[in-house]
Structure formats: C-alpha cells, structure tokens
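Chemist:
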Amino acid sequence: MLKIVLPTMMLLPTALLSPLKFMWANTTMHSLLIATLSLQWLTPSYYPYKNLTQWTGADQTSSPLLVLSCWLLPLMILASQNHLHHEPPARKRIFTATLIAVQPFIISAFSTTELMMFYISFEATLIPTLILITRWGNQPERLSAGIYLLFYTLISSLPLLVAVLFLQSQTGTLHLPTLKLTPYPLLPTPTNHWSTLFLNTALLMAFMVKAPLYGLHLWLPKAHVEAPIAGSMLLAALLLKLGGYGIMRLTCLTPPSPNNLLHYSFITLALWGALMTSSICLRQVDLKSLIAYSSVSHMGLVIAACMIQTYWSFSGAMILMISHGLTSSMLFCLANTNYERTHSRILLLAQGLQPLLPLMAIWWLLANLTNMALPPTTNLMAELSIMVALFNWSSPTILLTGTATLLTASYTLFMLTTTQRGTPSPYITTLQNSTTREHLLMALHLLPMLLLILKPELISGPLS
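Counted the way UniProt numbering counts, the sequence shown spans residues 1 to 464.
1) On the DSSP letters alone, give me the boundaries of the alpha helix (DSSP H) that M1 sits inside.
2) Which first and last residues belong to the alpha helix (DSSP H) in which E87 is found?
3) Express the C-alpha separation of L199 and L167 in angstroms, rounding to a whole number.
4) In this structure, does DSSP put I147 in helix, strand or coil?
5) What's the C-alpha gap between I398 and L365?
6) With a cut-off of 8 Å, do at least 3 Cβ pairs link the region 367-385 to the region 252-266?
7) Please list the terminal residues of the continuous alpha helix (DSSP H) segment that includes P358.
8) In the region 56-107, which residue ranges form an unbroken alpha helix (DSSP H) of at least 4 residues, counting only runs that do not cross its ends?
9) Go to C252, then tell me how far its alpha helix (DSSP H) extends in each direction, as first and last residue.
10) Any contact of the region 309-321 with the region 370-382, i.e. 3+ C-beta pairs under 8 Å?
11) Using only the alpha-carbon positions, how far apart do A35 and C70 sit?
12) Give me whichever residues DSSP pairs with T112 in a beta bridge.
13) Compute the beta-carbon to beta-carbon distance between P212 and M299, rounded to the nearest angstrom, for a pair I have assumed lies under 8 Å.
14) Under 8 Å: do the region 74-81 and the region 226-238 share three or more Cβ pairs, one atom per stretch?
15) From T254 to A292, what distance separates their C-alpha atoms?
16) Note the first and the last residue of the continuous alpha helix (DSSP H) segment covering Y46.
17) Going by other Cβ atoms of all chains shown within 10 Å of its Cβ, with 16 needed for buried, is residue 519 buried or exposed?
18) Which two residues bound the contiguous alpha helix (DSSP H) that contains G231?
19) Helix, strand or coil for I428, going by three-state DSSP, please let me know.
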C-alpha cells in the first residue's frame, strides 16, 4: 500500500518545485508510473484481503476502485492543461497541487478497513473538490454550486458520524472484517424498532447523497456544470463511486430487505430516479448537465443493486461503477473539447461538428456507444447482471429497468446526433484543430474499457 501512497504524496513537491517548463511532463509521467504500479492490485488472490495491515487492505471490492482512482489522476492533469493555459505559474502549481491532494484521501477511503478512518477520508475529499469548483469554475454560479455541494454533503454526513459512534459503543469495534462476523449488529427487534430504523437511515444517507439517489441529487448537475474539467472528471469518476462503495460496505451491516423496510423505499427511489433522470436528459439543452443527469441514472441502478444484497447484484454494481467511471469521464472530456472551441455548453450552438473535427467524431461515437451499453462492453454485462438480479428479486422491476435502458439509448443517440450532425452554427467562424494531447486523453480512457471486455472478472468484485 505504501509503495503507492508515498509516491502519490511525493507528487506534491514534484508539482510545486519542478521548473515550469517541465511541470506538466513531470507530474503526468510521475502519476502515470503510479497508475501502472497500481495495476498489481488487480492480481487475483486466494486470501480475502491483499496487503492487509492494521488499518488498510485491498480486497476484491476495493482494488478495482483503487486502480481506477490512480489511473484517472494523470488523465485529469492531461485534461486541465489547456484550461490553465493563460493562468500565472503560481496558480498552475496550486491547481495541480489541489488535484493531487485529493488522491491520498481517495486511496485511503477505498483501502481502509476501519469505519472511522473511512468517514474521515470520505469527508476530507470534499475540501479539495470544493476549492477546485469555487476557484477554477467557469462562471459566477460556481459559488452557488459550491454551497450546494458543501451543505448537501455536511447535512447528510453528520448523522453518519453519530451512527458510527453508536455502532462503536454497541459492538466495541469499527473494524470492518470483524463487524462482518457479527450477525447483523443492527437487526431491529420489537423493542428497538424505531431506533434501529433511524440508525440504518443515518448510516446509508451520507452515501445516498454522494452516489446520488434521485431526490438528493440536486447538487450534482450544479457542481458538474460549474466545475472545471478536472473537477467534473473527479466528481463523475471517483466521488460518485465513493458513495456506491460506502453503500456496498455498509449494507453488509444492515439486515436484507425482507427484514428491513427501509431498503424498499431506497430501491423504489433509485429505480424511479433512473427513469426520471433519463427522461430529463431528453429535455436538456446544456451538454454537461445532460452527462451529469445520465450519471444519476446509472448510479440509481447501482444503488438498487446494492440494496438487494445478492452476489450477482453486487458484482453488476461493481462492474457498472468502473465502466461508468471511465465512460462518463470520457464524455466530460469530449464536452470540454467542444467548450474550449465554441465557448458554449449549449447543444444548439455547438452542433454539427463532425465535418469540422472528424477525428473527434470517432471518439464521440465510441464514448456514446459504451454509454448506451452496446455489446460486448462491460457496461452491458453490468446492466444485464443488475437487471437479472432485480428481476429475480421482484419481476415488476423489469418495467422500470427496461424503460430506463430504452431512454438511456434515446438520450445518448440524441446527444451524439446533436453534437455531430446537422448544420454547424453560423457563430462558429474559426475552429482550432484537435490536438495530440486530446487524442491521447481519449485513448487512455477507451483502452481500459476495451481491455476489460476481454477479462471482466478483474472488476467483477465479490464474484471473482
């Protein structure tokens, strides 16, 4: 674990002390080496935990997410270079340092085996993200987006702290492998029905806001739209997955759905939310907002899968989180390449770009096809696993999941045809060519997705 964490820490002095001429090259190469080194976490192991220490350990659930977080850091640095082109040198360094500062917290959140440590890391990721959005966002509305993000996260996470402390007093430990051996420490009985219900709600609510569950998602489109490209990638690919990961870890402590009426409301909201946000996507005029709402739709499936607590559903949720992390991050990068050229996120003002940027059109096509779960992508495997698990649990869910899948295909094709086809806007007089850096960025997003098709068991979590 330390051979990843210590080089990540040393990225900070690299960013702050490198000569300006070599800063981007040094930080990108250094973080790419860390990403390559992190691939060793994917090696299958006979034991449940790899590299187990007193506080940390990587198992089948956390190792794919750890590798994803290490892989995305160099991509975020690559994507931000044009955005910071006109900034003074000191600000470039501070931006890169802020981006790097999130990484140790994310690694610690995904790898810790202790609940209090997880809570601290989970909350600490908020601070650098907030700085990125409120300082480097594109418009004045970024302050309002920052306040939404801050208050939604804090209001939901204070009950989580109380619940974690209460769990410690009840069971005497917060060590996750030990807690798993306690048969449902939060099982409701006739005498403590309401207190256990509130406790279960408090444990899950912080992660439901982060994931986000439909109804608690209002901060997400605002934060995504106002964030710089690195902030959008960080939110879509890693922080949303932190919510899903927290749900996967903590549902083990709560009894399964027949004994827990709370899960029914969460499943209902998640599936209805997947349907509603897919419908909202069809009415969007803002490209980044459309991609943000599609994230809510996909994470709704993940939440519903985690709530029914079966091996198949957990495996589907895990694959969907990794696939969606790469796909949505790539879509945000593509939206950003359009924004940097047209200076508008409005779909109608940035339409018909295929004749002008033909190479970018290929990346758009591939990203959209993976987003709509075309065979044989891992997105399809994930959605099928989740739909089958939900159908097996309750057959009427197929109506909701089936309609959501249909709407996902509709809004993805709508996004593709609007941005690439049609007559280009008369406002576009000159357009900069696509650069090698942008093509490299897209290729590094797409390459893992294509390779995972060949061996999806690397990311299939508990089933592997």
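Beta carbons are placed, not taken as given, at the ideal position from N, Cα and C, and that holds for glycine. Source: prediction; values computed, not measured.
Modeler: Per the coordinate set shown:
1) Note, M1: premise wrong, no alpha helix (DSSP H); not H, not E.
2) Annotation for E87: no alpha helix (DSSP H) segment contains it, and DSSP assigns it neither H nor E.
3) Using only the alpha carbons, I get a separation of about 9 Å.
4) It is helical.
5) Each residue's Cα considered, the two are about 28 Å apart.
6) By the C-beta criterion, the region 367-385 is judged not to be in contact with the region 252-266, since fewer than 3 inter-stretch pairs fall below 8 Å.
7) Here the alpha helix (DSSP H) through P358 covers 358-371.
8) Along the length of the region 56-107, whole alpha helix (DSSP H) runs at least 4 residues long occupy 63-80, reported in chain order.
9) Note, C252: premise wrong, no alpha helix (DSSP H); not H, not E.
10) Yes, they touch.
11) In a straight line, the C-alpha of A35 is about 5 Å away from that of C70.
12) Among the bridge pairs identified by DSSP, T112 is matched with T56.
13) That pair is a contact at about 7 Å.
14) Verdict: yes, contact present.
15) Their backbone Cα atoms lie some 30 Å apart in a straight line.
16) Y46 -> no alpha helix (DSSP H), and no H or E assigned at all.
17) With the chain represented from 1 up to 464, any question about residue 519 goes unanswered, as that position is not in the structure.
18) In the DSSP annotation of this structure, the continuous segment of the alpha helix (DSSP H) that includes G231 starts and ends at 229-234.
19) Residue state, collapsed to three classes: coil.
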